[in-house]
Amino acid sequence: MTNPTRSRTPLVLMSTLAVQGALAEEVLPAFEAQFGSNVEPVFDPTNVLIQRIAQGERADVMIAVSACIEDLIAQGVLSPHGARQIVRTGIGVAVAHDAPLPPLATAGDLRHALLDARSVAYSRTGASGVYFADLLERMGIAERINAKATVIPKGLTGECIVRGEADLAIQQLSELAIVKGIRIAGPLPDEVQSHTRFSIAAFAHATRRPEAEALLNWLDAPLARSAYVRHGLECLDRSSSERSS
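Residue numbers (numbering that gives the first Met the number 0): 0 to 244.
As structure tokens, then:
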């Protein structure tokens, strides 16, 4: 039987940074080995991916914040067929690998850790960074933290710790786990935690529909789900997350 994904032209996958570690290290190499087709991943925060799509950029498959996937389906950019939620992750705090771990059991603990830090790194465009900026306002410490914060346009905030630019990094737990040379102090306290769900979908007018569907299914296959867990993500139950087509 002819393999539907075998092609010289790579499939293009637009993906949130939250699943970058699992995809780059395990899921995509296994797909390429299994099907003999290359995948070209485009990793960016969901908000940046949305901007790129608005400017006319397209791909074959997308992984992004679930609400944004739903919006793109409603706009006709993505197809509802096979679209589903696959994972979620919370926001965490990281420190240098040899730094003491701050207590993070309560919102008060978090407040003290943030105020005591020389600098706190977070992303301007990532879902976690947008939430964290609002959380600082609600905690009444936005002005004090932002006066010394290291705010990056996009990317992995843990790298700011490695470069010596910050003492604490705030980001999705799965994104913090990618960076070598840091360690995760813990998730945000339950009272201020925010979980983000991520979904997959194929582009509505993809010219290589069989290949796109093969990749879409692979991204929710048992091997992928095991990889997500190893990289700090929580898999969502298929029966409750799958979208009816």
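Beta carbons are placed, not taken as given, at the ideal position from N, Cα and C, and that holds for glycine. Model, not experiment: these values are computed from the prediction.
Review point. Is DSSP giving threonine 105 helix, strand or coil here?
Key: coil
Check your understanding: What runs of the beta strand (DSSP E), each 3 residues or longer, lie entirely inside the region 53-89?
Key -> 60-64 and 83-88
**Study point:** Other residues of its chain near isoleucine 140: CB distance less than 8 angstroms, five sequence neighbours each side excluded
**Key:** Arg110, Leu113 and Leu114
Review point. For isoleucine 181, which three-state DSSP category applies?
Key: strand
**Study point:** Closest Cα partner of threonine 149 within the set Glu136, Asp236, Glu164 and Leu135
**Key:** Glu164
**Study point:** Extent of the continuous alpha helix (DSSP H) run through phenylalanine 131
**Key:** 126-138
Review point. Between Val228, Arg208, Ile199 and Ala66, which lies nearest to leucine 218 when the distance is taken from Cα to Cα?
Key: Ile199
**Study point:** Rounded C-alpha distance that separates leucine 16 from aspartate 43
**Key:** 6 angstroms
Check your understanding: Beta-carbon separation of alanine 104 and arginine 182 under 9 angstroms?
Key -> no
Exercise for review: Report the partner residues of glycine 91 according to the DSSP bridge assignment.
Suggested key: Gln170 and Pro186
Exercise for review: With DSSP as the reference, please indicate the residues paired to tyrosine 121 in a beta bridge.
Suggested key: Val150
Review point. Using DSSP with H/G/I as helix, E/B as strand and the rest coil, what is glutamate 164?
Key: coil
Review point. Mind checking whether alanine 226 and valine 60 have CB atoms under 9 angstroms apart?
Key: no
Review point. Do phenylalanine 131 and isoleucine 169 come within 9 angstroms of each other at the CB atom, strictly closer than that value?
Key: yes
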